[in-house]
Structures are given as C-alpha cells and as structure tokens.
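First up is the structure itself, then whatever we jot down about it.
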Amino acid sequence: MGPYKVMLVDDEILVRLGIRSVIEWEKHGFVYIGDASDGIEALEGIERTRPDILLTDIVMPNMNGLDLIHQAKRMDPEMRIIVLSSHNEYEYLRQAMKMGVDDYILKASMKPEELLELLLETANKIAADKRTREGSVLHPPVETDVRHKLTQTLRQWLDSPPSANTSYSREGSMDNSEWTWEAESILLLMHIHPPPPNSSVDPETYHTLANLAELGMNKWVKGCVIPYNEHSLVLLIPWEVHVSDPAEVIDSVGKDIISALKRFLGISVSIGVSARFAGKTELKRAYDQADKALRQYFFAGKENVYKYEEAMRIECTGSEHLFTNEIEQELRQKIELLDDEGLKQTIGDIFRRMREGQYSSEYYIQVCLKLLHYIQTGLKRYDEEGMAEPDSEPPLYKQVIGFQDVWEAEEWFERFIEDQVRRARDILSRTYREEISQLILKMKERYADDWSLKQAAQMANMSESYLSYLFKKATQVGFTAYLNQIRVEKAAEYLRETHMPSYSIAEKVGYDNVNYFSRIFKKIMGVSPQNYRLQVHNNSKESLVPKI
Numbered sequence: 001m002g003p004y005k006v007m008l009v010d011d012e013i014l015v016r017l018g019i020r021s022v023i024e025w026e027k028h029g030f031v032y033i034g035d036a037s038d039g040i041e042a043l044e045g046i047e048r049t050r051p052d053i054l055l056t057d058i059v060m061p062n063m064n065g066l067d068l069i070h071q072a073k074r075m076d077p078e079m080r081i082i083v084l085s086s087h088n089e090y091e092y093l094r095q096a097m098k099m100g101v102d103d104y105i106l107k108a109s110m111k112p113e114e115l116l117e118l119l120l121e122t123a124n125k126i127a128a129d130k131r132t133r134e135g136s137v138l139h140p141p142v143e144t145d146v147r148h149k150l151t152q153t154l155r156q157w158l159d160s161p162p163s164a165n166t167s168y169s170r171e172g173s174m175d176n177s178e179w180t181w182e183a184e185s186i187l188l189l190m191h192i193h194p195p196p197p198n199s200s201v202d203p204e205t206y207h208t209l210a211n212l213a214e215l216g217m218n219k220w221v222k223g224c225v226i227p228y229n230e231h232s233l234v235l236l237i238p239w240e241v242h243v244s245d246p247a248e249v250i251d252s253v254g255k256d257i258i259s260a261l262k263r264f265l266g267i268s269v270s271i272g273v274s275a276r277f278a279g280k281t282e283l284k285r286a287y288d289q290a291d292k293a294l295r296q297y298f299f300a301g302k303e304n305v306y307k308y309e310e311a312m313r314i315e316c317t318g319s320e321h322l323f324t325n326e327i328e329q330e331l332r333q334k335i336e337l338l339d340d341e342g343l344k345q346t347i348g349d350i351f352r353r354m355r356e357g358q359y360s361s362e363y364y365i366q367v368c369l370k371l372l373h374y375i376q377t378g379l380k381r382y383d384e385e386g387m388a389e390p391d392s393e394p395p396l397y398k399q400v401i402g403f404q405d406v407w408e409a410e411e412w413f414e415r416f417i418e419d420q421v422r423r424a425r426d427i428l429s430r431t432y433r434e435e436i437s438q439l440i441l442k443m444k445e446r447y448a449d450d451w452s453l454k455q456a457a458q459m460a461n462m463s464e465s466y467l468s469y470l471f472k473k474a475t476q477v478g479f480t481a482y483l484n485q486i487r488v489e490k491a492a493e494y495l496r497e498t499h500m501p502s503y504s505i506a507e508k509v510g511y512d513n514v515n516y517f518s519r520i521f522k523k524i525m526g527v528s529p530q531n532y533r534l535q536v537h538n539n540s541k542e543s544l545v546p547k548i
C-alpha cells in the first residue's frame, strides 16, 4: 500500500522547513504534499489534496489546531492526525485527543527518528483499517446492527451536538423495545485502564467486555451499552422514577460491572456518572459531566464509581496551588545539591497535597509536566544531551501525560530522580576529583558562609596551594571566582522572584558590603542588580519556567 500523502500545518516557517527536510519521505513510503501556516489555509489544501496523514500545530493564528481538527474530521473521518505540541499546552492536547487524533509529539524535543516512527505507525494503522474494511465485506461483524447504529449516533452527536430541530433515528433496542432519547436518563462513562502504558484492549476482548457490561447492567435495569472508543464505553440508563432509590441502583450497576470485568476478564475500569438529562441536545453535556466525574480516579483510586455531584463539590473546595514559589526554590536548591532524598521528600509532599486537595486531573498532569521540566532543566548542566532526555520509550513527556493516578506518578518520579541524580553524580565524579566534587556541592549548599581558601583546603584535606591548583584545573576559574558565581546566581534568583532590597539580598548570599556585591554582580551579569531586576520585570518572557 501507499505512498501515503502527508500535509503539515504550523505557523512557524522554521518548523515547516525543518520537518520537510529531515525526513526522506519517498524512501519510507510517504509523499509530502505541502504545508500551511494556519487552519484556514490548511482546509483549502485538504479539500484539494485529501491527505492521508495531517501533522498540525495547536496554537495558530486565524484558525487554531482544534478547530482545524474538527473541520478536517468532518471532511474526511478516515484522515489520521498527529499533533505537534508544546510542553505547556496540555489542556489543548487533551481536547485534541478527545477529538480522535492518533498521536502527538513534543516540538521542543522532537527528533527526526521519533517523528518518522510515529508516521510509520500511523501508516500501519491506515493499512490495518483497509484490511479490516475489506475483510468485513466478506465476513460481516457479529455485533448487532442496533448497537452499531447507536454507536454511530452517539459519536455524531458528541462531535456535533444536535439542535432541538435536528432529525434523528429512534433506533436502539432493549429487549426489542425502542430507546427513547427524550426520556430522562443517566449517562455512565466507563474508562478501561490499559495494563501497560499506551496499550489497548483487543477487539475480541472489547466485544466481550461490552456484552459483560450489558449483562451486569441488565441485572438491575434495562439500558444501552454503546462502544465509544478503544478505551471507553457509554452506558445509557433510564431514570426509573418508580424505584425507591434510583441513585443507589445506578451505583450498584456501576460496582457490579467493575467487579465482573475484573473477575472474568482481569480488566480494570472506572466509571463516571452524569447528572440526570433528557433529550438529544443534552447528551454532550451529560457526557462531559460523566467525564469530569470519572477523572476523580486520578487522586481517589481506580475501580470505583464517581458521580458528577461529587466532582462539583471538589471543584468548589480545591483552590490552593500545589506549586508555590517556596517549593520552586526548594526544588531548585535540592537539584543543585544532587540531594536525591531531599528531592523525593519535597515531591512526596507535593503528591500528598495532591491526594488531600483533590484538584482536577488536568491540573495534576500540568504540575507533573512542570516537575519534569524543572528536573530536566536543573540537571541538564551535567549532560546537555543525555541528561535532559535520556533514551526512553515512549518519551518522558508522554509517560507523564499517560499517568493513570497520583500513586503511579509519585512512584515514577521517585525512580526518575534516583536514576537522574545517579547519572549526574557519575558525570560529576568523572569531571572532577572526588574532593573537588564534594567541595563544590558544599559551596552550593553553604554559599552564604564566610568561605576562605584555607577553610576549603582543610575540608578537602590538602594544602591551600594544591587545592587552588586542582580547583582551577577542574573548573577553569579560581576558588573565589567560582564562589562569586554561585552567590551571584542565587542573588539573581532573589531579584527575579522577590521584592527584597539589594542590601538584604547581598547579606543573604554572603556579602557584608552592598557596594562590593553590586560590583561583583555587574562584573558577572553585565548589569547592576537594580537594572537586572528592571529588565526581568519588563520582559516576563525571561521567566525560567512558565507558571501554571
């Protein structure tokens, strides 16, 4: 099969030129049919060329990537889409994934071989779909026509919510009786937790899962089980007003299904429950409510039933931010000192507050991405190439976005910190003698102390002259100059992140004389402390890490 036609959409010309040039398209079975700088231009190209694969940025002028994805899917539902994302665009990316994009890649750390691998995987999906369609002509699916039509209707209405005047089919069956969309109902969204990262349930098991869910539901009430995508099912259950406690029945339905799927298939699922709704125009709202409720499993645990009303109460009470300036400073200090135990303790405190605070899962993932960014940035100085993004499959940011709950996230960060700090220490020990490495870490930890070469020589158990020789050989600067660099870096942090006056900052980093501090600062940074602070405040883009 192939070649597969690929179109690229990105508002940055350098990105377009770079992607176009780094891949040998024809060699790997692709045709690069063109690119566009925004969604409007892209739609014209899609109409004209009908690409098989669309590579698109999210944040663009005129028409953003989300609107483009929506329009492109309507024009060609079979088109495969890969999103080019930035590390601080998680909420947009989450919306794009819900719209049915195939994959995503982080622009900042994108490597040609990773992009090519994604393209080849996507091409394999296209080929597999074609084989499935050809096979279905000879071997029609066993799934009932009713369930298939309900699935198509559900997907259509969630993608493009109907108006009150939209015509629709009343097809659907529960023991041969019609499903009435206008009846007051409850929507249950069942999420299938993949055992290993990025895996999915095979079609045969998925079909069995849907049937088991229907059997479990029918023990309590007659409803519809509708496959929605490879990781979720939708259950529509009529609100039985004649039942003494309908809410308790819904809860029992969910718990029975969770238990049965775990027992018979070994599959872990969680369920979100919407508020009551009636009518096709309310279906999308009910789905969003169930989705919001479902996301409580991230901090409350998997294999449970979560209600929308509970999610609303949590949203009202969760307001304290997890990533304060104090925590940022604490993390930065412990990264500089390669203090893995201290780092794990600080991050453990963050995750403890996550579990207690019960914020949205989107906020949690954003915090985790920020933690990853902090650790990578802090340790990059030890190994510019390997430390920032070690060889891993999948890439680190995808592993973070794929976290299923806070416990998994905390365990992942503990392992990550141990591995990264060990690598940094190995690099440090290969770069400097052990005595110099330990002395540097002490200087970073106690930079405000009254240091002298004599004191440092006593710590290193060598003469002053020999220490001075080894230190300059290792760092390319003298002992005093290196200490001044550490102190000025710390002073710059205080100037960026606090309103403390210069004399207080000077004392805090180890200088008794503010004038001497100002001269040293200007010598190293090129500007006075006052002008440095003014420049930072006038240009917010100089902030090291974007705030959540």
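So for the sequence shown, the working numbering puts the first residue at 1; every next one is plus one. Ideal Cβ positions, reconstructed from N, Cα and C, are used throughout, including at glycine. Fair warning: this is a prediction, and the values are worked out from it, not measured in the lab.
- What first and last residue would you give for the beta strand (DSSP E) that runs through residue 6? Translated into positions along the sequence shown, residue 6 becomes position 6. In the DSSP annotation of this structure, the continuous segment of the beta strand (DSSP E) that includes residue 6 starts and ends at 4-9.
- Message: Using C-beta distances below 6 Å, list every residue in its chain close to residue 268, excluding the 5 sequence neighbours before and after it, in chain order.
- Response: Counting from 1 along the sequence shown, the entry for residue 268 is found at position 268. Same-chain partners within the cutoff: 193, 302, 303.
- Rounded C-alpha distance that separates residue 178 from residue 99: Sequence index remark: in the sequence shown, residue 178 carries index 178 (1-based). Sequence index remark: in the sequence shown, residue 99 carries index 99 (1-based). Because the pLDDT at residue 178 is just 47, under 50, the model does not fix this residue reliably, and the point stays unresolved.
- Message: Quick check: the Cα distance between residue 86 and residue 110, rounded to an integer number of angstroms?
- Response: Your numbering for residue 86 matches position 86 in the sequence shown. Your numbering for residue 110 matches position 110 in the sequence shown. Distance between the alpha carbons of residue 86 and residue 110: 10 Å.
- Query: Do the segment 510-520 and the segment 331-349 touch if we need at least three Cβ pairs shorter than 8 Å?
  - Reply: no
- Task: Work out the CA separation of residue 398 and residue 122 for me, nearest whole Å.
- Result: If you number the sequence shown from 1, residue 122 lands on position 122. If you number the sequence shown from 1, residue 398 lands on position 398. So the alpha carbons of these two residues sit roughly 17 Å apart.
- 7 Å Cβ shell around residue 479 - same chain, five flanking residues per side excluded: Taking the first residue of the sequence shown as position 1, residue 479 is located at position 479. In the same chain as residue 479, and ignoring 5 residues on each side of it, the C-beta atoms closer than 7 Å to its own belong to 453, 456, 468, 471, in chain order.
- Message: In this structure, how does DSSP classify residue 140 when only helix, strand and coil are distinguished?
- Response: Numbered from 1 along the sequence shown, position 140 holds the residue referred to as residue 140. Below a pLDDT of 50, predicted positions are generally treated as unreliable, and residue 140, at 43, falls in that range; the measurement from the model is reported next regardless. Here residue 140 sits in coil by DSSP.
- Message: Rounding to the nearest angstrom, what Cα-Cα distance links residue 386 and residue 288 in this structure?
- Response: On the sequence shown, residue 386 is found 386 positions in, with the first residue counted as 1. On the sequence shown, residue 288 is found 288 positions in, with the first residue counted as 1. Caution applies to residue 386, whose pLDDT of 48 falls short of 50 and renders its modelled position unreliable; the value that the coordinates give is listed next. Residue 386 and residue 288: Cα-Cα distance of roughly 41 Å.
- In three-state terms, what does DSSP make of residue 231? Taking the first residue of the sequence shown as position 1, residue 231 is located at position 231. Under the three-state reduction of DSSP, residue 231 is assigned to coil, being neither helix nor strand.
- Message: On the DSSP bridge list, what partners appear for residue 191?
- Response: In the sequence shown, counting from the first residue as 1, residue 191 sits at position 191. According to DSSP, which records beta bridges pairwise, residue 191 is partnered with 232, 270.
- Give me whichever residues DSSP pairs with residue 221 in a beta bridge. By one-based count along the sequence shown, residue 221 stands at place 221. Answer by DSSP bridge pairing: none, since residue 221 is not bridged.
- Looking at the unbroken alpha helix (DSSP H) that takes in residue 27, where does it start and where does it end? On the sequence shown, position 27 is the one that residue 27 refers to. Bounds of any alpha helix (DSSP H) do not take in residue 27, whose DSSP letter is neither H nor E.
- Query: Which of helix, strand or coil does DSSP assign to residue 66?
  - Reply: In the sequence shown, the residue the question calls residue 66 occupies position 66. Residue state, collapsed to three classes: helix.
- Query: Is residue 216 closer than 8 Å to residue 260 when the C-beta atoms are compared?
  - Reply: Residue numbering aside, residue 260 sits at position 260 when the sequence shown is read from its first letter. Residue numbering aside, residue 216 sits at position 216 when the sequence shown is read from its first letter. In this structure, residue 216 lies closer than 8 Å to residue 260 by Cβ.
- What did DSSP end up calling residue 529 once you bin it into helix, strand or coil? Looking up residue 529 in the sequence shown gives position 529. Helix, per DSSP.
- Query: Could you give the distance in angstroms between the alpha-carbon of residue 502 and the alpha-carbon of residue 423?
  - Reply: Position 502 of the sequence shown holds residue 502. Position 423 of the sequence shown holds residue 423. The alpha-carbon atoms of residue 502 and residue 423 are separated by roughly 37 Å.
- Cβ of residue 55 within 8 Å of Cβ of residue 84? Stepping through the sequence shown from its first residue, residue 55 is reached at position 55. Stepping through the sequence shown from its first residue, residue 84 is reached at position 84. The answer is yes: Cβ separation under 8 Å.
- Message: Can you confirm whether the segment 21-34 touches the segment 66-75 when touching is taken to mean that 3 or more C-beta pairs between the two stretches lie within less than 8 Å?
- Response: no
- Task: Tell whether a beta-carbon distance below 8 Å holds between residue 436 and residue 481.
- Result: One-based indexing of the sequence shown puts residue 436 at position 436. One-based indexing of the sequence shown puts residue 481 at position 481. No, these two residues do not count as a Cβ contact at 8 Å.
- Message: Just to confirm the assignment, what range does the beta strand (DSSP E) spanning residue 305 have?
- Response: Here residue 305 corresponds to residue number 305 of the sequence shown, with the count starting at 1. Element bounds for residue 305: 305-307.
- Item | Reduced DSSP category for residue 246 - H, G, I as helix; E, B as strand; rest coil | Locating residue 246 in the sequence shown gives position 246, counting from the first residue. In this structure, residue 246 counts as helix in the three-state DSSP scheme.
- Taking DSSP as the reference, what is the three-state secondary structure of residue 560? No information on residue 560 is available, as it lies outside the stretch 1 to 548 that the chain covers here.
- Can you say whether residue 17 is buried or exposed, counting buried as having 16 or more other CB atoms within 10 angstroms of its CB? The sequence position of residue 17 within the sequence shown is 17, counting from 1. Residue 17 is exposed by the Cβ-count criterion.
- By the 10 Å Cβ neighbour count, where 16 or more other Cβ atoms means buried, how is residue 458 classified, buried or exposed? Position 458 of the sequence shown holds residue 458. Here residue 458 is exposed: its Cβ has fewer than 16 other Cβ atoms, across all protein chains shown, within 10 Å.
- Could you check if residue 263 is buried or exposed, using at least 16 other CB atoms within 10 Å of its CB as the buried criterion? Locating residue 263 in the sequence shown gives position 263, counting from the first residue. Residue 263 should be labelled exposed.
- Per DSSP, which residues does residue 625 bridge with? Please list them. Not covered by the structure: residue 625. The range shown for the chain is 1 to 548.
- Query: By DSSP, does residue 430 sit in helix, in strand, or in coil?
  - Reply: In the sequence shown, the residue the question calls residue 430 occupies position 430. Residue state, collapsed to three classes: helix.
- Using the beta-carbon count (16 or more within 10 Å), is residue 367 buried or exposed? Position 367 of the sequence shown, counting from 1, holds the residue named residue 367. Its Cβ being crowded by 16 or more others within 10 Å, residue 367 is buried.
- Message: Taking the beta carbon of residue 176 as the centre, do at least 16 other beta carbons fall within 10 Å, making it buried, or is it exposed?
- Response: Here residue 176 refers to the residue found at position 176 when the sequence shown is read from its first residue. Because residue 176 sits at a pLDDT of 36, beneath the cut-off of 50, its placement in the model cannot be relied upon, and the point is left open.
- Residue closest to residue 190, alpha-carbon to alpha-carbon, out of 184, 205, 210: Locating residue 190 in the sequence shown gives position 190, where the first residue counts as 1. For residue 190, the nearest C-alpha among the options comes from 210.
- Task: Mind checking who residue 468 pairs with in its DSSP beta bridge?
- Result: Position 468 of the sequence shown, counting from 1, holds the residue named residue 468. Paired residue(s): none; residue 468 is not in a bridge.
- Query: Is the distance from the Cβ of residue 8 to the Cβ of residue 35 below 8 Å?
  - Reply: Translated into the one-based positions of the sequence shown, residue 8 becomes position 8. Translated into the one-based positions of the sequence shown, residue 35 becomes position 35. Yes, the Cβ-Cβ distance between residue 8 and residue 35 is below 8 Å.
- Just mark residue 535 as buried or exposed, buried being the case when its beta carbon has 16 or more other beta carbons within 10 Å. Within the sequence shown, residue 535 is the residue found at index 535, counting from 1. By the 10 Å Cβ count, residue 535 comes out exposed.
- Task: Specify the secondary structure class of residue 294 as computed by DSSP and reduced to three states.
- Result: Here residue 294 is taken as the residue at index 294 of the sequence shown, counted from 1. Of the three classes helix, strand and coil, the one that applies to residue 294 here is helix, per DSSP.
- Assumed close pair residue 271, residue 305 - CB separation to whole angstroms, cut-off 8 Å: Walking along the sequence shown from the start, residue 271 turns up at place 271. Walking along the sequence shown from the start, residue 305 turns up at place 305. So it is a contact: roughly 5 Å between Cβ atoms.
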